[in-house]
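So the structure is just underneath, and the comments pick up after that.
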Amino acid sequence: MFQRFFGNSYKKVATLTGPRNAIQSVSLSVDGIFASASGYGGVTIWDLRTSEIFSTPHLPYEPNDPKHVYCSSAWLFFEGIDKHVFIVGNMAGELSMWSLESGKKVQVVDNQDPSNHQVMSIDVSDLRVAPGHHGRIVTSTSNRLIAVWTLSSAMEITNIFKVNLSADFLPRTVKFAQGTDNVFAFSKMGRSFLQLHGQTGDFSWIKKDGPQEMHCVSVDERNDLFAAWTGQRAEIFKLSNSEQVRAFQGEVALVGNTKQVAFAEEGSKLVVGSDHGFAEVFVVQSGECIQRLHYPRKALVQYVGIRTLPSSHIIAIAGSTKGQASDVVVYKKKRRLPSLHNAPDLNTDDNLIFNLNFPVTWTAVRWCGYIAIFFMMTYFMVRGLFVL
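Per UniProt numbering, residue 1 is the first one in the sequence shown, and the count goes up by one each step.
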């Protein structure tokens with residue numbers, strides 16, 4: 001309760017308009033400069049410094065054509081040449097990459113299956129690609145195919161491997177493992193999740209003791225956790241043994257199979273979409289909902305985007321009601337960096353007032369004020385008793 005009134009909460013900083021239909025994916029560039037929305041209204045990218053729409057390749061508005069309905073997205077940044085690359089997949093199994101600085105577009109058409117199939121998930125190994133290196137991209141599609149690609153700074157794409165999974169494994173979410181090129185994949189139904197070797201696509205292991213439904217998954221390897229939307233709520237499990245750690249009680253789900261979950265703030269928070277016009281921010285350790293991030297009107301708000309910057313945490317939420325114009329609402333809060341011994345770092349530039357051989361901070365001044373008020377109140381109470 002104290003945290004709700006006095007804590008460092010998210011503040012709305014922008015409402016981004018433009019999409020003419022439901023958003024299926026919202027994502028943020030690694031430096032927090034760009035936000036993107038992909039869905040039935042095509043693709044919209046905004047420059048967050050101005051909240052203006054950024055020019056993109058022309059895409060027709062055809063919400064009934066799978067080639068023009070976009071359902072997953074990610075970002076890469078090539079260091080040295082400062083190139084932002086936006087990666088997006090559609091419901092026809094096509095993967096596209098756009099260089100925002102040059103305007104160059106690369107498209108991969110991979111229709112092995114004559115019927116349309118959705119690009120269900122996209123992830124990148126490293127958000128920032130060092131000079132002379134290639135970005136790595138993993139995708140999963142609804143025809144049970146996982147593919148890993150490399151992308152050069154010249155926008156040349158190469159396939160590393162493709163793996164067809166069994167009929168009982170629908171790879172709803174794929175994620176790169178930290179520090180390696182290995183790939184996690186989580187089946188939408190049936191309890192299974194697995195890891196593929198990052199260079200060959202060979203199976204490293206497969207487990208069949210996860211939750212029955214995993215419609216969206218977020219992974220926190222550092223804390224040996226994964227979070228999943230399991231049909232009616234978000235839950236957290238141990239990555240190593242599938243043990244349930246916690247269930248998060250939010251509002252009743254009206255649409256059971258679609259809700260995004262995402263770890264935020266170095267894994268200390270979990271952000272969950274809802275069907276009730278807001279997203280919820282939970283504390284992972286306690287399961288408490290500490291904030292609701294509101295959307296400007298009544299709508300499904302099922303998709304969220306997360307980014308941590310050196311000075312702030314950013315959350316973007318998106319309207320996802322089909323047939324309705326949708327916005328992206330961006331929330332931000334100041335990032336508090338931990339100091340030694342896990343104590344709060346109060347000696348930051350924003351907090352510092354001046355130095356007198358020791359730092360004088362706004363936090364210290366506030367506490368001195370609280371103490372002064374306490375003693376004044378005590379003085380007047382005691383004085384009143386003597387008068388009586």
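All C-beta atoms in this analysis are idealised placements derived from N, C-alpha and C, irrespective of residue type, glycine included.
- Look at Arg191 here: in three-state DSSP terms it is coil, with no helix or strand label.
- Trp205 sits exposed, since fewer than 16 C-beta atoms from the chains shown fall within 10 Å of its C-beta.
- As computed with DSSP, Leu151 is found in a beta bridge with Gly135 and Ile157.
- Val183 places its beta carbon less than 8 Å from that of Ile146.
- Straight-line spacing of the CA atoms in Arg307 and Ile371 works out to 37 Å.
- When DSSP assignments are scanned along the stretch 273-344, the uninterrupted stretches of beta strand (DSSP E) that are 3 or more residues long and fall wholly within it turn out to be 278-283, 289-294, 303-308, 312-318 and 328-334.
- For Glu235, the three-state secondary structure derived from DSSP is strand.
- Residue state for Met377 is assigned as helix, using DSSP reduced to three classes.
- For the pair of segments examined, the stretch 314-321 was found to touch the stretch 16-35: the number of CB pairs separated by less than 8 Å reaches three.
- Just so you know, the alpha carbons of His276 and Ala299 end up roughly 6 Å apart.
- Between Ser25 and Ser72, the CB-CB gap stays under 8 Å.
- For the set Ala228, Glu101 and Cys289, the Cα lying nearest the Cα of Gln260 is the one of Ala228.
- Listed in chain order, the non-local C-beta contacts of Gly190 below 6 Å within the same chain comprise Asp168, local neighbours out to five positions each way being set aside.
- Beta-bridge pairing by DSSP links Lys175 to Phe184.
- For Met97, the pairing in a beta bridge is given by DSSP as Ile87 and Val106.
- The DSSP-derived three-state label of Ile81 is coil.
- In chain order, Val85, Ile87 and Val106 place their CB closer than 6 Å to the CB of Met97, counting only its own chain and leaving out the 5 sequence neighbours on each side.
- When rounded, the separation of the alpha-carbon atoms in Leu59 and Ser242 is 42 Å.
- Judged by their CB atoms, Val330 and Ala74 are not nearer to each other than the 8 Å cut-off.
- Taking the Cα positions, Cys216 is about 53 Å away from Met377.
- With a threshold of 16 other beta carbon atoms within 10 Å, Asp327 meets it and is buried.
- Taking C-alpha positions only, Glu221 is separated from Cys289 by approximately 23 Å.
- According to the DSSP assignment, Arg246 belongs to the beta strand (DSSP E) that extends over Gln244 to Phe248.
- When secondary structure is reduced to three states using DSSP, Ala14 falls in the strand class.
- With 16 or more neighbouring CB atoms inside 10 Å of its own CB, Gly32 falls in the buried class.
- By alpha-carbon distance to Ser187, the top candidate from Asn8, Arg246, Lys208 and Gly89 is Lys208.
- Close CB contacts of Thr200 within its chain, under the 7 Å cut and outside five residues either way in sequence, are with Phe161 (chain order).
- Short of 6 Å from the beta carbon of Arg292, and not among the five residues preceding or following it, lie these beta carbons of its own chain, in chain order: Phe278 and Glu280.
- The three-state secondary structure of Ala74, taken from DSSP, is strand.
- For Ala372, the secondary structure class from DSSP, reduced to helix, strand or coil, is helix.
- With respect to Pro171, Ser102 sits apart: the two C-beta atoms are not nearer than 8 Å.
- DSSP places Arg128 in the strand class (E or B) of the three-state scheme.
- In this structure, Phe176 sits away from Gly210, with a CB-CB distance that is not shorter than 8 Å.
- When rounded, the separation of the alpha-carbon atoms in Val255 and Gly80 is 44 Å.
- Between Met214 and Thr173, the C-beta spacing is below 8 Å.
- In the DSSP assignment, Asp220 forms a beta bridge with Leu225.
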